[in-house]
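Colleague: So the number in the numbering used here is just where the residue sits in the sequence shown, counting from 1, plus 799. The beta-carbon is built from N, C-alpha and C at its ideal position, and this holds for glycine as well. None of these values were measured; they are calculated from a predicted model.
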Amino acid sequence: MEPDISVAIGKLRLKNPVLCASGCFGYGQEYAELVDLSMLGGIILKGITLKERKGNPMPRIVETPAGMLNSVGLQNMGLSRFLRDKLPLLSDIPTAVIANICGETPEEYAAIAKELSDKDGISALEINISCPNVSHGGMLFGQDMMLTFEVVNLVRKQTSLPLIVKLSPNVTDIASIARAAVDGGADAVSLINTLLGMSIDIKTKKPYLANITGGLSGPAVKPVALRMVWEVCKAVNVPVIGQGGIMTWEDSIEFLLVGATAICIGTANFVNPKAGMEIAQGIKDYMKQHKIMDLREIRMV
Ligand SMILES: Cc1cc2nc3c(=O)[nH]c(=O)nc-3n(C[C@H](O)[C@H](O)[C@H](O)COP(=O)(O)O)c2cc1C
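#1: Can you tell me the Cα-Cα spacing of residue 879 and residue 1086, whole angstroms?
#2: Run the CB neighbour count on residue 988, radius 10 Å, all protein chains shown included, and call it buried at 16 or more, exposed below.
#3: So, do the region 888 to 903 and the region 827 to 840 have three or more beta carbon pairs nearer to each other than 8 Å?
#4: If you measure from the CB of residue 873, is any heavy atom of ligand 1 nearer than 7 Å?
#5: Let me confirm a value: residue 977 is counted as buried when at least 16 other C-beta atoms fall within 10 Å, else exposed. Which label applies?
#6: Report yes if the C-beta of residue 1042 is less than 7 Å from at least one heavy atom of ligand 1; otherwise report no.
#7: Are the CB atoms of residue 1114 and residue 1042 nearer to each other than 8 Å?
#8: Grouping DSSP H, G and I as helix and E and B as strand, with all else coil, what is residue 1072?
#9: With DSSP collapsed to three states, give me the class of residue 1081.
#10: Can you list, in chain order, the residues of its chain whose CB lies under 7 Å from that of residue 849, leaving out five sequence neighbours each side?
#11: Short of 6 Å in beta carbon distance, which residues of its chain neighbour residue 888, apart from the five on each side in sequence? Order them along the chain.
#12: So what's residue 965 in DSSP terms, helix, strand or just coil?
#13: For a test of your reading of the model: does the CB of residue 1020 fall under 7 Å from any non-hydrogen atom of ligand 1? Yes or no.
#14: When the Cα of residue 810 is compared with those of 922, 918, 875, which residue comes out closest?
#15: Are residue 868 and residue 1075 close, meaning C-beta to C-beta below 8 Å?
#16: Given the structure, does residue 1045 come close to ligand 1, in the sense that its CB is under 7 Å from one of the ligand's heavy atoms?
#17: Looking at residue 859 and residue 980, is the spacing between their C-beta atoms short of 8 Å?
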């Protein structure tokens, strides 16, 4: 008998726990020729804002030891063009598609959520209250319990879709922010978004990024991410989606052991677009080897 690797995020059922992270897998279709999308548990789309955003000035990506810094600044086409150009293609994607949304005010989050709620092709919403690369909104909400509650609560009233809240690691007590998100009506939380960092070119004596600071992702952040996922898993009773530096199936097992229900693959996609497929297969093989029939049995804590 094959192990059951399907998982539930609220009322959303994923065929396996492997999702591709927002901003690291476009709108899914871009990868269709390289990746068998049906082998993924789901795809989280690039962040969508109400109005088009040009993003931050270049350069906005720099490699760092065991990771990368980005200050893309939520460049995206805005809600209306997304609805016109991208939404019609989503129903053809053979796995769950989750929209990731970001706003400058709680009302903006709510307006986008309302608009996306009755659309074919979108199975859940992830609200990004943790983007470190925008000057208004984003991470500011995710650093304050009251604001977290307020945004989530407002969005909750606009949608019956499963609601995932994406948390920032740039806080002192992530468990209390996670609890505020759940109190506001989150069906799940996902973490971590990128860690705020910077890097200087000593030849030019200037920061590598035009925005000066950026978000650190990749293997360098994994121990921090794992510790935070572990803390949040103990603090809330909703599914936790773990991410931060997952490059291999072994990395993903660590997150599942500390209590994550699902995991996201971000930076790894830039190195190996097939990482998600390989990780899904690796999780299944590990379960067979360890005679685990249901993914819920894997949890160590
Ligand atoms: C280039 C880039 C763009 C990103 N864009 C978004 C975004 O639009 N919305 C969001 O919630 N997270 C975004 N993220 C954060 C990732 O989804 C992920 O949470 C983070 O990179 C940690 O995982 P990783 O170490 O596996 O990359 C972005 C990350 C990168 C590297």
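Modeller: Concretely, from the data shown:
#1: For the purposes of this step, residue 879 is identified with residue 80 of the sequence shown, where counting begins at 1. For the purposes of this step, residue 1086 is identified with residue 287 of the sequence shown, where counting begins at 1. Straight-line Cα distance between these residues: approximately 43 Å.
#2: Position 189 of the sequence shown, counting from 1, holds the residue named residue 988. The C-beta of residue 988 has 16 or more other C-beta atoms within 10 Å across all chains shown, which makes the residue buried.
#3: When Cβ pairs closer than 8 Å are counted between the two stretches, the region 888 to 903 is seen to touch the region 827 to 840, the count reaching three or more.
#4: By 1-based counting over the sequence shown, the position of residue 873 is 74. Yes, Cβ of residue 873 sits closer than 7 Å to a heavy atom of ligand 1.
#5: Start at 1 with the first residue of the sequence shown, and residue 977 comes out as number 178. It is buried - the Cβ of residue 977 has at least 16 other Cβ atoms within 10 Å.
#6: In the sequence shown, the residue the question calls residue 1042 occupies position 243. Indeed, a heavy atom of ligand 1 lies less than 7 Å from the Cβ.
#7: Examination of residue 1114 is not possible in this model, given that the chain is present from 800 through 1100 alone.
#8: Position 273 of the sequence shown, counted from the first residue, corresponds to residue 1072. Looking at residue 1072 - three-state DSSP - the assignment turns out to be coil, as it is neither helix nor strand.
#9: By one-based count along the sequence shown, residue 1081 stands at place 282. Of the three classes helix, strand and coil, the one that applies to residue 1081 here is helix, per DSSP.
#10: In the sequence shown, residue 849 corresponds to position 50, counting from 1. Excluding residues within five positions, the ones whose Cβ falls inside 7 Å are 877, 878, 902, 907, 910, 911.
#11: Mapped onto the sequence shown, residue 888 falls at position 89. If we look at residue 888 and ignore the five residues flanking it on each side, its Cβ neighbours are 828.
#12: The residue given as residue 965 occupies position 166 in the sequence shown. If DSSP states are grouped into helix, strand and coil, residue 965 belongs with the strands.
#13: The sequence position of residue 1020 within the sequence shown is 221, counting from 1. Residue 1020: yes, Cβ under 7 Å from ligand 1.
#14: The residue labelled residue 810 in the question sits at position 11 within the sequence shown. From the listed residues 922, 918, 875, the smallest Cα separation to residue 810 is found for 922.
#15: Here residue 868 refers to the residue found at position 69 of the sequence shown. Here residue 1075 refers to the residue found at position 276 of the sequence shown. For residue 868 and residue 1075, no; Cβs fall outside 8 Å.
#16: One-based indexing of the sequence shown puts residue 1045 at position 246. At least one heavy atom of ligand 1 is nearer than 7 Å to the Cβ of residue 1045, so yes.
#17: The residue given as residue 980 occupies position 181 in the sequence shown. The residue given as residue 859 occupies position 60 in the sequence shown. Not closer than 8 Å, so no.
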